[in-house]
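Protein chains: 2
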Amino acid sequence: MGDDGRLDRRAAVLAAALELFERVGYGNVAMSKIAASAGVAAGTIYTYFRSKEELANALYRECKLALAGELLDVAPDDGGARAEFGRVWRSLVTFAAAQPAALSFLENHRHDVYLDDESKALSAAIDASAADFVRRGQRSGEIRSGPPEALVALVFGSFVGLLRAGHEGRLSVDSALLTELESTVWGLLAPPGRPHDTPAGGGT
Amino acid sequence: MGDDGRLDRRAAVLAAALELFERVGYGNVAMSKIAASAGVAAGTIYTYFRSKEELANALYRECKLALAGELLDVAPDDGGARAEFGRVWRSLVTFAAAQPAALSFLENHRHDVYLDDESKALSAAIDASAADFVRRGQRSGEIRSGPPEALVALVFGSFVGLLRAGHEGRLSVDSALLTELESTVWGLLAPPGRPHDTPAGGGT
DNA sequence: GTAGCCTGAATGAACAATCATTCGGTCCGT
DNA sequence: ACGGACCGAATGATTGTTCATTCAGGCTAC
Chain A
1 MGDDGRLDRR AAVLAAALEL FERVGYGNVA MSKIAASAGV AAGTIYTYFR SKEELANALY
61 RECKLALAGE LLDVAPDDGG ARAEFGRVWR SLVTFAAAQP AALSFLENHR HDVYLDDESK
121 ALSAAIDASA ADFVRRGQRS GEIRSGPPEA LVALVFGSFV GLLRAGHEGR LSVDSALLTE
181 LESTVWGLLA PPGRPHDTPA GGGT
Chain B
205 MGDDGRLDRR AAVLAAALEL FERVGYGNVA MSKIAASAGV AAGTIYTYFR SKEELANALY
265 RECKLALAGE LLDVAPDDGG ARAEFGRVWR SLVTFAAAQP AALSFLENHR HDVYLDDESK
325 ALSAAIDASA ADFVRRGQRS GEIRSGPPEA LVALVFGSFV GLLRAGHEGR LSVDSALLTE
385 LESTVWGLLA PPGRPHDTPA GGGT
C-alpha cells in the first residue's frame, strides 16, 4: 500500500503541538509528548524545527495567518462600515467553528515567552489593519469616535469573551448564538444616541 | 513592633508567585525562582504550601476573592440596573488600577492544569452572581433579552480585551479611558432600539 | 535488470541542565 | 532547652536537545 504523505509529518507535529499548547500551555508541554502525540520520534521534530521555541512561533504564525486569511476574504469596501462589520463578524464565527483550537491557542494564552520579532510584526500588522477599518468608518461617520485600537479591543474582546465562556462550560456557544449577537456587538461601534438596526446585506 | 514577620512570608511568596505566573505562566516558573524573588529559601515555600499546585490554587483564589470583594462593595439594589452597572464598571476600573497583576493573572492564563475543585467552585459562584445581576435587570426591562451568561461574557470580555490591548502595548489604557468607555459598554446590555444615556450618579 | 552506492529522513538512547520536592541541620523566640 | 521556622545542598525525575545509527528508495554503472 503506497503511503502518501511525504512531509506532512511536519503538519502532524504542528497539529499535535496546537492541541497540546492550546489545552495546557507552552510551558506545561514536553517535546516528548508532542512527538508521541504526533506519532513520531522525539528527535524527528528537530528535522523540521530548530527548537521548541521555533515550533511555537511557527504554530503561532500559522494560526494568525489562517485567521487573517479568513478575515481578508471580506470584500474591502462595498456597502459601508455596517455591512463590512457584518461580514467580518461572520468570518469570525466561521473561523471559530472551523478552527476552534487555533483561536483558543491564540487568544487564551500569553505568548510573550517565546514570540520572536517576526511573529510580533505579523501580529502588529493584523492589528493595524483592524484599526484601519475602524478609522475608515469613523471618517464616514458610521462608527463612533474614540481611539480606534480601543474600539477594536472592545469588539474583539467581547467575541473572545463569548468563546471563552463556551470553552469553560459557562455557556453553550454555537454559531447561531454568535450570529444573533452580531447586532449587539455592532452597538459598540455605532455612533451613540440613535437606534441602529440590521445590516444591509441579506442572507446567503 | 509586634508580631510582623510571622506569616507575611507567606504573603511574600504569594506576591512573588503572582508576579512570575502573570509574566510567564505557571509552567515556565521554577519554584527556586519564586523563592529567590520572595527572598526565602527554596524549601521554605513548603512550610506554607504543600506543592506548586497548591500554591497556584491559593494564589488563584486570593485573586478571585480580591476581585469579588471589590465588586461586592457596590450596594446591591438602589437606582436600577443602569446605575448598578455604573458602579460595577467603576469597581472593575479601580481594581484594574490597584491590582493589575492579579487581573492579568486571572484573565490572561489558562488555569485548567492545576485548578482544584474548590477553586472551580469559587469561580462558578462568582460567575453565577454576575449572571444574576443580568437576570434582575432583564426582569425589570432595563437589560435586553438573551442568555445572561452571554451578556456577561460580552461585557467582561470587552473589559478584558481593553486591558490586554494595554498590556500588549497596542493601546495606552488608563482609568480615564476606561471610565469614558463605560457608557459604550453599557450599550451591550441596554435594550435595543432606543437611545440610552449617562448613568444616574453625577460627579466629575 | 540488478548490484552497489548515496542521500537524508527517522530513530531513540544518551546527555547535561533544570525541575519539584525532601530532609538533616541551624537558628531563634520562648 | 525545646519546638518550629528556616535554610540550602541533595535527590531523583523530567526537561530540551543531540548524535551515532538505521533504513528506504533513487541514482548510476554495467
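So the protein sequences, as listed, match chains A and B. Read in order, the letters of the first sequence correspond to residues 1 to 204 in this note's numbering. Read in order, the letters of the second sequence correspond to residues 205 to 408 in this note's numbering. Beta carbons: idealized from backbone N, C-alpha and C, even for Gly. Since the structure is predicted, the reported quantities are computational estimates derived from the model, not experimental observations.
How would you list, in chain order, the residues of chain A whose beta-carbon sits under 8 angstroms from the beta-carbon of ASP316/B?
Position 112 of the second sequence, counted from the start, is the residue given in the question as residue 316/B. Chain A residues near ASP316/B: ARG23, VAL24.
Kindly list the residues whose CB is nearer than 8 angstroms to the CB of ASN28/A, restricted to its own chain and excluding five residues on each side of it in sequence; keep chain order.
Within the first sequence, residue 28/A is the residue found at index 28, counting from 1. If we look at ASN28/A and ignore the five residues flanking it on each side, it has no Cβ neighbours.
Under a CB-based cut-off of 8 angstroms, is LEU291/B close to chain A?
The residue given as residue 291/B occupies position 87 in the second sequence. Leu is not the amino acid found at residue 291/B; the sequence shown has Arg there. Cβ-Cβ to chain A under 8 angstroms: no for ARG291/B.
So that I know if they touch, is there some Cβ in chain B lying closer than 8 angstroms to that of LEU177/A?
For the purposes of this step, residue 177/A is taken as the residue at position 177 of the first sequence. At least one chain B Cβ lies under 8 angstroms of LEU177/A.
Same chain, Cβ closer than 7 angstroms to TYR60/A, five either side skipped, listed in chain order
Taking the first sequence and counting its residues from 1, the one referred to as residue 60/A is at position 60. For TYR60/A, where only same-chain residues beyond five positions count, the Cβ hits under 7 angstroms are HIS111, LEU115, SER119.
Assess, as a yes-or-no matter, whether the segment 169–182 of chain A is touched by the segment 220–231 of chain B under the definition of 3 or more beta carbon pairs within less than 8 angstroms.
no
Cβ-based neighbour list, LYS64/A, same chain, cut-off 8 angstroms, excluding 5 preceding and 5 following:
For the purposes of this step, residue 64/A is taken as the residue at position 64 of the first sequence. Only LEU106, SER119, LEU122, SER123, ILE126 meet the Cβ criterion.
Does the distance from the CB of ALA81/A to the CB of GLY137/A come in under 8 angstroms?
For this step, residue 81/A is matched to residue 81 along the first sequence. For this step, residue 137/A is matched to residue 137 along the first sequence. Yes.
Specify, as a first and last residue, the run of the alpha helix (DSSP H) that LEU18/A falls within.
The residue given as residue 18/A occupies position 18 in the first sequence. It spans 8–24 - the alpha helix (DSSP H) in which LEU18/A sits, taken as one unbroken run.
The alpha helix (DSSP H) enclosing ASN57/A, as first and last residue numbers:
In the first sequence, the residue the question calls residue 57/A occupies position 57. 52–72 is the extent of the alpha helix (DSSP H) around ASN57/A.
As assigned by DSSP and simplified to three states, the class of ASN28/A
Taking the first residue of the first sequence as 1, we reach residue 28/A at position 28. DSSP places ASN28/A in helix when its eight states are reduced to three.
Could you list the residues in the segment 120–154 of chain A with a C-beta less than 7 angstroms from some C-beta on chain B, going in chain order?
ASP127, PRO147, GLU149, ALA150, ALA153, LEU154
Mind pulling the alpha helix (DSSP H) runs of 4 or more residues that sit fully within the segment 130–193 of chain A?
148–167, 175–180, 182–186
Relative to the C-alpha of ALA150/A, which residue among LEU188/A, LEU55/A, LEU71/A, GLY25/A is closest?
For this step, residue 150/A is matched to residue 150 along the first sequence. Ranking LEU188/A, LEU55/A, LEU71/A, GLY25/A by Cα distance to ALA150/A puts LEU188/A first.
So, for ARG339/B: in the same chain, excluding its five sequence neighbours on each side, which residues have a beta-carbon less than 6 angstroms away from its beta-carbon?
Locating residue 339/B in the second sequence gives position 135, where the first residue counts as 1. PRO352.
Please state if the CB of GLY157/A and the CB of VAL377/B are separated by a distance shorter than 8 angstroms.
Mapped onto the second sequence, residue 377/B falls at position 173. Mapped onto the first sequence, residue 157/A falls at position 157. Not in contact: VAL377/B and GLY157/A (Cβ atoms no closer than 8 angstroms).
Along chain B, in chain order, which residues have C-beta atoms closer than 7 angstroms to that of VAL160/A?
As a position in the first sequence, residue 160/A is number 160, starting the count at 1. Going along chain B in sequence order, the residues near VAL160/A (Cβ under 7 angstroms) are GLY361, GLY365.
Assuming the contact rule is C-beta atoms closer than 8 angstroms, GLU84/A and ASP78/A should be a hit. Round their C-beta distance to whole Å, please.
Looking up residue 84/A in the first sequence gives position 84. Looking up residue 78/A in the first sequence gives position 78. Confirmed, Cβ separation roughly 7 angstroms.
Chain A contact for ALA404/B (CB, 8 angstroms cutoff):
Position 200 of the second sequence, counted from the first residue, corresponds to residue 404/B. With a pLDDT of 48 at ALA404/B, under the threshold of 50, the modelled position of this residue cannot be trusted, and the question is left open.
Give a yes or no on whether the minimum CB-CB distance between VAL40/A and chain B is below 8 angstroms.
Within the first sequence, numbered from 1, the residue matching residue 40/A stands at position 40. No - not a single Cβ of chain B is within 8 angstroms of the one on VAL40/A.
Determine, for ALA81/A, whether the minimum Cβ-Cβ distance to residues of chain B falls below 8 angstroms.
Looking up residue 81/A in the first sequence gives position 81. No, because no Cβ of chain B sits closer than 8 angstroms to the Cβ of ALA81/A.
Look up ASP321/B in the DSSP assignment and say whether it is helix, strand or coil.
Here the question's residue 321/B lines up with position 117 in the second sequence. Helix, per DSSP.
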